[in-house]
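Numbering-wise, my numbering puts 40 at position 42 of the sequence shown, and it's gapless, one number per residue.
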Amino acid sequence: MSIAEAMIQELEMEAVTTRRALERVPDAHLNWAPAAKTRTLGQLAMHIAGNPGGVVGLVVNNPAELPGFGDVSPTSTAEVLKLLDESVASARQILSGLSDADMTEIWRVHFNGTEIMALPRIAFLRSVFLNHWYHHRGQLTIYLRLLDVPVPSIYGPSADENPFA
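In structure tokens form, the structure reads like this:
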């Protein structure tokens, strides 16, 4: 199995879990935020949904120019889930075209023309595509808990859902 194939396998598995969490986002609370300095629930959900395709899309170019960042506020959870499906499909397509040599190549990122990062492509993908995705999914479960929305099982039972019972 190639590096990209292994990453696609993880993407597919984690996309199912991520979808279960995003499906719980209530439309009525999309503009809710737990604190003034945090994203709204809708903005966080959109960030999670767009992460796979957005991050994997960066590695196509070497060097890559880091885009500007901004939060998008959805009008519905359906919009979030649509973005997730598109994002996962895009990531899958891009990853399927990368060889092991591509994955281990030193990949460079520029911001405003200045190099800010140089590391193997796989290291960036592991850190920002996957680990970053999981980090924000964990944040989402806290938002859900604070809103008293049942938290889905992620890697085992939650206080609300036990797949082993």
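C-beta atoms are modelled at their ideal positions from N, C-alpha and C, and glycine is treated no differently.
Predicted model, so just to flag it, every value in this text is computed and none were measured.
- Leaving aside the five residues that flank A2 on each side, the residues in its chain whose CB is nearer than 7 Å to its CB run, in chain order, L93, S94, L96, M101.
- Apart from sequence neighbours up to five positions away, the residues of its chain that approach Q41 with a beta-carbon distance below 6 Å are D69, S71, ordered along the chain.
- Assigned with DSSP and collapsed to three states, T112 falls in strand.
- In this structure, the straight-line span from the alpha carbon of S125 to that of M5 is close to 12 Å.
- Rounded to whole angstroms, L39 and V14 show a C-alpha spacing of 20 Å.
- Leaving aside the five residues that flank E113 on each side, the residues in its chain whose CB is nearer than 8 Å to its CB run, in chain order, P61, R106, V107.
- Beyond the five residues adjoining it in sequence on each side, A89 comes within less than 7 Å, by CB distance, of L9, P50, G51, V54 in the same chain, given in chain order.
- By the neighbour-count criterion, in which 16 or more other beta carbons inside 10 Å mark a residue as buried, M11 falls on the exposed side.
- In the structure shown, the three-state DSSP call for V107 is strand.
- In the three-state reduction of the DSSP assignment, A62 falls in the strand class, which pools E and B.
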